[in-house]
Amino acid sequence: MTDFNKVLDAGDVDNGIINVVVEIPEGSAHKIEWDRKNALMKLDRVEPQIFAKPTNYGFIPQTLDEDGDELDALIITRTPLPTGIYMEARVIGVMKFVDDGEVDDKIVVVPADDRDTGNAIQSLADLPAQLIKQIEFHFNHYKDLKKAGTTKVEHWGDIEEAKQVIRESQQRWKQQ
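The opening residue of the sequence shown carries number 4 in the working numbering; numbering runs sequentially from there.
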């Protein structure tokens, strides 16, 4: 498998078009994670089916969030995406998130070229309110069966806040 962190960077952050690698397809209960050391996708664990991912899930190459992992991305598409592909994505916002006391933010993206929707989704405001509620509920509760109360969605941020989170994560990557 290709080492995504060697062949890709974060992309054109200033213009809001970034590279994202897919780890988990929407609807999957498999917690698949990029293993940076071995440059492979790894099945970390199997979650209860009730906590299957409400969106596709991935990471932004050459970034590090405050938790020490690559910066996460929630990828909004109409159908699930397969593990191990990368895509150019349009940044539409950020979900500010804390997991077990650590910052673990999620950049929210859509495909940069989405001819199915006519590129209709340009910001979080273009997403259905019900989808935002479902994502927030998922992340506030997905660890409740193991460690209740350890995850919290703090707030949703706009495109500029998302870009700032990405830039800070790029700096952490460069400093490692």
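In this text, a Cβ means the ideal position worked out from N, Cα and C, and glycines have one as well. Remember, predicted model here, so these are calculated numbers, not experimental data.
Determine the direct distance from the alpha carbon of residue j to that of residue i, and round the result to whole angstroms.
| i | j | result |
| --- | --- | --- |
| Lys155 | Tyr60 | 18 Å |
| Ala132 | Phe62 | 24 Å |
| Lys150 | Val25 | 26 Å |
| Lys177 | Phe100 | 23 Å |
| Gly14 | Arg93 | 10 Å |
| Lys136 | Glu36 | 25 Å |
| Gln65 | Asp102 | 21 Å |
| Val10 | Leu84 | 20 Å |
| Arg118 | Glu29 | 20 Å |
| Leu152 | Val106 | The amino acid occupying residue 152 in the given sequence is Gly; Leu does not appear at that position. Between Gly152 and Val106, the C-alpha separation is close to 15 Å. |
| Asp147 | Ile53 | 11 Å |
| Asn143 | Met98 | 12 Å |
| His158 | Met4 | 35 Å |
| Glu139 | Tyr145 | 10 Å |
| Arg48 | Ile27 | 12 Å |
| Gly160 | Ile21 | 17 Å |
| Gln125 | Val111 | 11 Å |
Can you tell which of the options has the C-alpha that lies nearest to the C-alpha of residue i?
| i | options | result |
| --- | --- | --- |
| Asp17 | Val168, Arg175, Gln137 | Val168 |
| Leu130 | Thr58, Ile88, Gly30 | Thr58 |
| Gly19 | Gly104, Ile95, Asp116 | Ile95 |
| Ala115 | Val49, Glu163, Ile78, Leu67 | Ile78 |
| Glu50 | Thr82, Lys40, Ala165, Ala32 | Ala32 |
| Ala165 | Met44, Ala76, Asp47 | Ala76 |
| Thr86 | Phe7, Leu67, Ala128 | Phe7 |
| Leu127 | His141, Gly121, Tyr145, Glu163 | Glu163 |
| Ala55 | Lys34, Leu74, Arg175, Glu91 | Lys34 |
If you follow the beta strand (DSSP E) that residue i is part of, which residue opens it and which one closes it?
| i | result |
| --- | --- |
| Val113 | 109 to 114 |
| Phe100 | 89 to 102 |
| Lys34 | 33 to 38 |
| Glu157 | 154 to 160 |
| Ile138 | Run containing Ile138: none in the beta strand (DSSP E); it sits in the alpha helix (DSSP H), 132 to 144. |
In this structure, what does DSSP give as the bridge partners for residue i?
| i | result |
| --- | --- |
| Lys45 | Glu36 |
| Asp15 | Ile20 |
| Glu105 | Asp102 |
| Phe62 | Val24, Asp75 |
Hey, could you find the ends of the alpha helix (DSSP H) residue i is sitting in?
| i | result |
| --- | --- |
| Asp147 | 147 to 150 |
| Asn8 | 7 to 10 |
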